[in-house]
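Have a look at the structure below, then the notes.
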Amino acid sequence: MRASLTARVFGLVLAFASGAVHAGLLARGDGLVYDADLDVTWIADFNLFGSMAKANPSFIAEIVSRSPTVKSAVGGYSSFGIGGSTGTYSVTEADFLVRDGSSSLMTWFGAQAWAAQLSYQGLGGWRVAGSFLWEDGAFSNELYHLWTYDLGITGADPGGRAGTIAMFTGQVNFGGGYWLGSELDAIGQNGYVSSAAIYPNAIGASTALNRWNVMLVRDGDVDRQIPEPASLMLVLLGLLCVSATRLWARLPA
């Protein structure tokens, strides 16, 4: 009897532990989604830039006014393919391209300028998503984690998990490229992009003046009063062990 109980409890512990590995996405309201695995907050509107530009005809001009220059490393990542880089790039409205009914594109400089001045739902501190990380024994990045682990989008299943994708709004151009936030000066000194859908983890080189899709992210959770999945898992495991111990004491050997 006790051996059977031990096996069942062990199975439940494994189930909880495996669930904690990729805790997934949590809706925080106000158009925000928290990724408990990466401890970052995504903006739920995949095409936030297009939505804001549609609502405010002066939106792009305001970005240029608030963030007129972006640092450009001379001879490095952000100046690849750009002659005469002085270390400072002057942002113009030409760095942005708004497309009706689709995602909006911008240069690397435009993406940095937008993130630097953005206040969304009263929150600042946004940055271009795509920082690199080591995950499950492989070189990965934030966008790949979102596509593959959270949304379930892979070459074999380009449709992904409909229920999870429904947490987001705005048309997503999965076939295009997305600027990555990480700079890789040591690898060819190029601007790198992530290509989603068929090759969701592919990294390609691009000059900083090309226009690609952009997703913004913010480090941390917007509501720390809500228990994080990892902490909640530990509490549940503790309660499970206490209950199992009490039941164990009542069973015959």
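Heads up: the sequence shown is residues -23 to -1, 1 to 230, going by mature numbering (1 follows the signal peptide of the UniProt record, and there is no 0).
A virtual CB, placed ideally from N, CA and C, is assigned to each residue, including glycine.
What's the C-alpha gap between Y121 and A106? Counted from its first residue, the sequence shown places residue 121 at position 144. Counted from its first residue, the sequence shown places residue 106 at position 129. Y121 and A106: Cα-Cα distance of roughly 10 angstroms.
Does the separation of the CB atoms of Q98 and L9 fall below 8 angstroms? Start at 1 with the first residue of the sequence shown, and residue 98 comes out as number 121. Start at 1 with the first residue of the sequence shown, and residue 9 comes out as number 32. Yes, Cβ-Cβ distance for Q98 and L9 is below 8 angstroms.
I37 - DSSP class collapsed to helix/strand/coil: Locating residue 37 in the sequence shown gives position 60, counting from the first residue. Here I37 sits in helix by DSSP.
Which residue marks the beginning of the alpha helix (DSSP H) containing W91, and which one marks its end? If you number the sequence shown from 1, residue 91 lands on position 114. Counting along the chain, the alpha helix (DSSP H) containing W91 begins and ends at W85 to Q94.
If you draw a straight line from the alpha carbon of A32 to that of L74, how long is it in whole angstroms? As a position in the sequence shown, residue 32 is number 55, starting the count at 1. As a position in the sequence shown, residue 74 is number 97, starting the count at 1. Straight-line Cα distance between these residues: approximately 15 angstroms.
How many Å lie between M118 and P34 at the Cα? Mapped onto the sequence shown, residue 118 falls at position 141. Mapped onto the sequence shown, residue 34 falls at position 57. One point to set straight first is that residue 118 is Asn, not Met, in the sequence displayed. Each residue's Cα considered, the two are about 34 angstroms apart.
Let's see if you can read the secondary structure: which residues bound the beta strand (DSSP E) around G140? As a first step, residue 140 must be located in the sequence shown, where it is residue number 163. First-last for G140: A139 to I142, but that is the alpha helix (DSSP H), not the beta strand (DSSP E).
For A143, I'd like the list of residues in its chain whose CB is within less than 8 angstroms of its CB, leaving aside the five on either flank, ordered along the chain. For this step, residue 143 is matched to residue 166 along the sequence shown. In its own chain, leaving out the 5 sequence neighbours on each side, no residue places its CB closer than 8 angstroms to the CB of A143.
Tell me which residues share the same chain as S28 and place their Cβ nearer than 8 angstroms to its Cβ, disregarding the 5 neighbours each side in the sequence. Working through the sequence shown from its first residue, we reach residue 28 at position 51. If we look at S28 and ignore the five residues flanking it on each side, its Cβ neighbours are D22 and G147.
Ordered along the chain, which non-local residues of its own chain (more than five positions away) have a Cβ less than 6 angstroms from that of K48? In the sequence shown, the residue the question calls residue 48 occupies position 71. Listed in chain order, the non-local C-beta contacts of K48 below 6 angstroms within the same chain number zero, local neighbours out to five positions each way being set aside.
Please list, in chain order, all residues of the same chain as D127 whose beta carbon is under 7 angstroms from its beta carbon, the five residues on each side excluded. Working through the sequence shown from its first residue, we reach residue 127 at position 150. Excluding positions up to five away in sequence, the list reads G1, L2, D12 and T141.
Label T65 either buried or exposed according to how many other C-beta atoms from any shown protein chain fall within 10 Å of its C-beta, with 16 as the threshold for buried. Start at 1 with the first residue of the sequence shown, and residue 65 comes out as number 88. Around the C-beta of T65, fewer than 16 other C-beta atoms lie within 10 Å, and the residue is accordingly described as exposed.
Quick one, which of L123, P135, G154 and G136 has its alpha-carbon nearest L15's? On the sequence shown, position 38 is the one that residue 15 refers to. Nearest of L123, P135, G154 and G136 to L15, Cα basis: L123.
Can you give me the Cβ contacts of N24 inside the same chain, cut-off strictly under 7 angstroms, excluding the 5 residues immediately before and after it? Numbered from its first residue, the sequence shown carries residue 24 at position 47. Only S80, S81, G147 and Q148 meet the Cβ criterion.
At 4 residues or longer, and completely inside the segment 9 to 33: list those alpha helix (DSSP H) runs for me, N to C. 25 to 32
When you compare the CB positions of G158 and N190, do they come within less than 8 angstroms of one another, or not? Here residue 158 is taken as the residue at index 181 of the sequence shown, counted from 1. Here residue 190 is taken as the residue at index 213 of the sequence shown, counted from 1. For G158 and N190, no; Cβs fall outside 8 angstroms.
Over what stretch of residues does the alpha helix (DSSP H) that includes L193 continue unbroken? Stepping through the sequence shown from its first residue, residue 193 is reached at position 216. Looking at the DSSP string, L193 is not in any alpha helix (DSSP H); the run it does join, the beta strand (DSSP E), is L193 to D196.
Rounded C-alpha distance that separates T39 from A139: Position 62 of the sequence shown, counted from the first residue, corresponds to residue 39. Position 162 of the sequence shown, counted from the first residue, corresponds to residue 139. According to the sequence displayed, residue 39 carries Glu and not Thr. Computed Cα separation, rounded: 36 angstroms.
Among residues of its own chain, excluding the 5 on either side of I37, which ones have a beta-carbon nearer than 7 angstroms to its beta-carbon? Residue 37 sits at position 60 when you count from the first residue of the sequence shown. The answer, listed in chain order, is A30, E70 and F73.
Sequence-distant residues of the same chain with beta carbon closer than 8 angstroms to S42, five excluded per side: Position 65 of the sequence shown, counted from the start, is the residue given in the question as residue 42. Same-chain partners within the cutoff: there are none.
Which residues mark the beginning and the end of the alpha helix (DSSP H) in which Y121 is found? Position 144 of the sequence shown, counting from 1, holds the residue named residue 121. Start and end: E119 to H122.
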